[in-house]
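Chemist: Mind having a look at this structure? Questions to follow.
Residue numbers (the working numbering): 7 to 242.
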């Protein structure tokens with residue numbers, strides 16, 4: 007039984023530099039090519055798995071046929087023995103001829119099943135090896151693409167900072183200007199409040215009184231304290 011053509015490319019991929027990595031994707035232009043190669047190889051593997059299923063199905067059918075033939079042989083051997091016991095030699099000979107036919111078909115089916123099984127084992131091994139190669143290459147390609155993206159981003163940032171007119175540096179300067187404008191506005195508000203208090207005659211004494219450091223002589227409490235002191239003096 008010949009090997010399916012679907013594996014020709016897969017075997018080539020295993021033996022080629024495709025599975026070695028490194029040099030095959032050394033430059034960015036090779037990345038799309040390798041992505042397509044991986045996609046094609048995976049498609050071939052999927053097709054091969056379908057073909058492998060068909061081969062395994064044929065082997066299972068052979069095994070079932072072999073069991074049926076063995077059962078027929080056993081059954082007809084019983085018929086032949088019974089015929090001989092009854093001295094029905096002609097009948098026994100006919101049954102023996104049928105047994106011979108079953109045995110010939112059994113040999114054919116057993117030979118076919120051996121070929122199917124050997125072919126199945128070979129195909130399974132090739133599928134596993136190629137799938138492993140594809141998975142390894144996919145991981146390697148992903149790392150290469152990620153590294154390239156990071157390096158491009160790093161180079162872009164480096165170039166932008168190195169260039170005084172770069173967008174990144176310009177944006178940073180804009181942020182600094184916004185922060186400075188906000189601080190200026192805050193300072194202007196504070197200065198305005200101080201100036202307003204100063205023009206409205208708000209003295210240091212007023213500030214101390216508001217903060218409870220200096221008592222207000224005109225307050226109700228002060229009046230009561232003064233009256234109590236006056237009564238105490240008269241009583242003496």
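Note that CB positions come from ideal geometry on N, CA and C, so glycine has one too.
Are the CB atoms of residue 120 and residue 71 nearer to each other than 8 Å?
Modeler: As a position in the chain shown, residue 120 is number 114, starting the count at 1. As a position in the chain shown, residue 71 is number 65, starting the count at 1. No, the Cβ-Cβ distance between residue 120 and residue 71 is not below 8 Å.
Chemist: If we count the other Cβ atoms within 10 Å of its Cβ and call it buried at 16 or more, is residue 140 buried or exposed?
Modeler: Position 134 of the chain shown, counting from 1, holds the residue named residue 140. When all chains shown are included, residue 140 counts as buried.
Chemist: I need the boundaries of the alpha helix (DSSP H) containing residue 75, first residue and last residue.
Modeler: Here residue 75 corresponds to residue number 69 of the chain shown, with the count starting at 1. First-last of the alpha helix (DSSP H) with residue 75: 36-91.
Chemist: Given residue 137, which residues of its chain have a CB within under 7 Å of its CB, disregarding the five upstream and five downstream residues?
Modeler: Walking along the chain shown from the start, residue 137 turns up at place 131. Correct list, in chain order: 51.
Chemist: Which same chain residues, not among the five before or five after residue 74, have their C-beta less than 7 Å away from its C-beta?
Modeler: Here residue 74 refers to the residue found at position 68 of the chain shown. Here the set comprises nothing.
Chemist: State the Cα-Cα distance for the pair residue 185 and residue 149, rounded to the nearest angstrom.
Modeler: Taking the first residue of the chain shown as position 1, residue 185 is located at position 179. Taking the first residue of the chain shown as position 1, residue 149 is located at position 143. Distance between the alpha carbons of residue 185 and residue 149: 40 Å.
Chemist: To the nearest angstrom, how far is the alpha carbon of residue 98 from that of residue 118?
Modeler: Here residue 98 corresponds to residue number 92 of the chain shown, with the count starting at 1. Here residue 118 corresponds to residue number 112 of the chain shown, with the count starting at 1. When rounded, the distance between both Cα atoms is 30 Å.
Chemist: Compute the Euclidean distance between the alpha carbons of residue 132 and residue 37, then round it to the nearest angstrom.
Modeler: As a working note, residue 132 is residue 126 in the chain shown. As a working note, residue 37 is residue 31 in the chain shown. Their backbone Cα atoms lie some 25 Å apart in a straight line.
Chemist: Is it true that the stretch 142-157 meets the stretch 98-111, where meeting means three or more beta-carbon pairs spaced less than 8 Å apart?
Modeler: Output reads no: the stretch 98-111 does not touch the stretch 142-157.
Chemist: Consult DSSP for residue 134 and reduce its assignment to one of helix, strand or coil.
Modeler: Taking the first residue of the chain shown as position 1, residue 134 is located at position 128. Reduced to three states, the DSSP call for residue 134 is helix.
Chemist: Closer than 8 Å, CB to CB, is residue 53 near chain C or not?
Modeler: Here chain C cannot be found, since the structure has a single protein chain.
Chemist: Report, in whole angstroms, the separation of the C-beta atoms of residue 58 and residue 130, which I expect to be a contact under 8 Å.
Modeler: The count along the chain shown starts at 1 and reaches residue 58 at position 52. The count along the chain shown starts at 1 and reaches residue 130 at position 124. Confirmed, about 7 Å.
Chemist: Is residue 65 near residue 123, with beta carbons less than 8 Å apart?
Modeler: Along the chain shown, one-based indexing puts residue 65 at 59. Along the chain shown, one-based indexing puts residue 123 at 117. Their beta carbons are under 8 Å apart, which means residue 65 touches residue 123 by this criterion.
Chemist: Look up residue 233 in the DSSP assignment and say whether it is helix, strand or coil.
Modeler: Stepping through the chain shown from its first residue, residue 233 is reached at position 227. DSSP places residue 233 in helix when its eight states are reduced to three.
Chemist: What are the complete alpha helix (DSSP H) segments, minimum 4 residues, inside the stretch 94-167?
Modeler: Runs of the alpha helix (DSSP H) inside the stretch 94-167: none found.
Chemist: Going by C-alpha to C-alpha distance, which of 111, 230, 108 and 125 sits closest to residue 60?
Modeler: Working through the chain shown from its first residue, we reach residue 60 at position 54. Closest option to residue 60, Cα to Cα, is 125.
Chemist: Exposed or buried, what is residue 147 when buried is set at 16 or more other beta-carbons lying within 10 Å of its beta-carbon?
Modeler: Within the chain shown, the letter at position 141 stands for residue 147. Residue 147 comes out buried.
Chemist: By how many angstroms is the C-alpha of residue 62 removed from the C-alpha of residue 53?
Modeler: The residue labelled residue 53 in the question sits at position 47 within the chain shown. The residue labelled residue 62 in the question sits at position 56 within the chain shown. Roughly 14 Å separates the two Cα atoms.
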